[in-house]
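Step one of this worksheet: look at the structure below.
Protein chains: 2
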Amino acid sequence: MTTKININSGNNCPAESLLKILSGKWKPQIFRLALNSPIRFNTLLRQIDGANKQSISVALKELEEQGLLDRVVVKLKPLHVEYTLSEKGQSLIPVFRQLESLI
Amino acid sequence: MTTKININSGNNCPAESLLKILSGKWKPQIFRLALNSPIRFNTLLRQIDGANKQSISVALKELEEQGLLDRVVVKLKPLHVEYTLSEKGQSLIPVFRQLESLI
DNA sequence: TTTTGTAGTCATGTTTTTCTGACTTATTGC
DNA sequence: GCAATAAGTCAGAAAAACATGACTACAAAA
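Here the protein sequences line up with chains A and B, keeping their order. Each residue of the first sequence is one higher than the one before, starting from 1 at the first, in the numbering used here. Each residue of the second sequence is one higher than the one before, starting from 1001 at the first, in the numbering used here.
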């Protein structure tokens, strides 16, 4: 069973659906930073130029709700939280790659 | 010489660039409607449910500025304006197709 | 010459997003 | 105990996006 995105809430434009789930000022950058390795809240804050807590917080929450990211509490050394690409999130990687080939 | 998109204004995230040029409430729909055949202002207004003149006007202008659409004045029967996918716009079609395959 | 069709603009108002700075809670190092 | 790090929340302000209704300009048809 292959993983299929399903966020097509009542519209007939797939691209629109997908653009929507990555819409907002910070989501694409967050998503990209999560592509390679799990990422943490404060790291995002440091790495994304001009971003603020609130917006990152909201974006992460939405990405999690949409099922693109998983929030994982890591019970280690300095107890912390990691955001990782979910299976659904990973299914978007090819699109990202294709976008890269266009630029 | 292949056509390459270049809207990568100072950021290092291609996906972001692309998501950005199709960001906004109406751009994806406009773009999709222009995929198949040239489209006209009033037609967009009729076909896009809930859209208003102003927003369509602004979106068209931006898509034109970004080089995705060409504005063509058709000097025929009822003199009118057509918006068509530019070469750059057409280079996005494969991405749209791939998005479709994900949903 | 009045009306219709096409393609808009403009001023204004509303709604949605984003930003700012202060505050919180939990864990760990000193 | 005290400060620092990590991961946030919250209220309010500012900015950006979107909507509304009135208006414009041009050409052609009636």
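We put the CB at the ideal spot given by N, CA and C, even for glycine. Since the model is a prediction, treat every value here as computed from it, not as a measurement.
Proximity winner among the options, relative to residue i (alpha-carbon distances)
{"i": "Leu92(A)", "options": "Val72(A), Gln66(A), Ser55(A), Val73(A)", "result": "Gln66(A)"}
{"i": "Arg1071(B)", "options": "Leu1079(B), Lys1061(B), Pro1078(B), Lys1077(B)", "result": "Lys1061(B)"}
{"i": "Pro38(A)", "options": "Cys13(A), Ala59(A), Val74(A)", "result": "Val74(A)"}
{"i": "Gln1054(B)", "options": "Leu1076(B), Lys1027(B), Leu1068(B)", "result": "Lys1027(B)"}
{"i": "Leu1069(B)", "options": "Ala1051(B), Leu1076(B), Arg1032(B)", "result": "Arg1032(B)"}
{"i": "Cys1013(B)", "options": "Asp49(A), Thr84(A), Ala59(A), His80(A)", "result": "Asp49(A)"}
Helix, strand or coil at residue i according to DSSP, with G and I counted as helix
{"i": "Ser1091(B)", "result": "coil"}
{"i": "Glu1101(B)", "result": "Reading the sequence as shown, one finds Ser at residue 1101(B) and not Glu. Helix."}
{"i": "Pro38(A)", "result": "coil"}
{"i": "Lys77(A)", "result": "coil"}
{"i": "Lys25(A)", "result": "coil"}
{"i": "Ser1009(B)", "result": "Below a pLDDT of 50, predicted positions are generally treated as unreliable, and Ser1009(B), at 44, falls in that range; the measurement from the model is reported next regardless. Correct three-state label for Ser1009(B): coil."}
{"i": "Met1001(B)", "result": "Note on Met1001(B): pLDDT 44, under 50, position unreliable in the model; no value is reported."}
{"i": "Phe1096(B)", "result": "helix"}
Residue span of the beta strand (DSSP E) that contains residue i, given as start and end
{"i": "Arg46(A)", "result": "Here Arg46(A) belongs to no beta strand (DSSP E); instead the alpha helix (DSSP H) covers 41–47."}
{"i": "Leu69(A)", "result": "69–74"}
Between the CA atoms of residue j and residue i - distance to the nearest angstrom
{"i": "Asn1006(B)", "j": "Arg1097(B)", "result": "The pLDDT assigned to Asn1006(B) is 48, lower than 50, so where the model puts this residue is not dependable, and the model offers no usable value."}
{"i": "Asn1008(B)", "j": "Leu1022(B)", "result": "Caution applies to Asn1008(B), whose pLDDT of 44 falls short of 50 and renders its modelled position unreliable; the value that the coordinates give is listed next. Asn1008(B) and Leu1022(B): Cα-Cα distance of roughly 13 Å."}
{"i": "Phe1041(B)", "j": "Glu1064(B)", "result": "13 Å"}
{"i": "Gly24(A)", "j": "Leu1102(B)", "result": "21 Å"}
{"i": "Leu19(A)", "j": "Leu45(A)", "result": "23 Å"}
{"i": "Ser86(A)", "j": "Glu16(A)", "result": "21 Å"}
{"i": "Ile1030(B)", "j": "Glu82(A)", "result": "38 Å"}
{"i": "Leu35(A)", "j": "Pro78(A)", "result": "23 Å"}
{"i": "Gly89(A)", "j": "Leu1076(B)", "result": "49 Å"}
{"i": "Ser57(A)", "j": "Glu1100(B)", "result": "30 Å"}
Opening and closing residue of the alpha helix (DSSP H) in which residue i lies
{"i": "Leu1085(B)", "result": "No alpha helix (DSSP H) holds Leu1085(B); the beta strand (DSSP E) holding it covers 1080–1085."}
{"i": "Gln54(A)", "result": "53–65"}
{"i": "Ser17(A)", "result": "14–21"}
beta-carbon residue i near the ligand ZN non-hydrogen atom, thresh 7 Å
{"i": "Ala51(A)", "result": "Among the ligands in the structure shown, none appear at all, so the ligand ZN cannot be discussed."}
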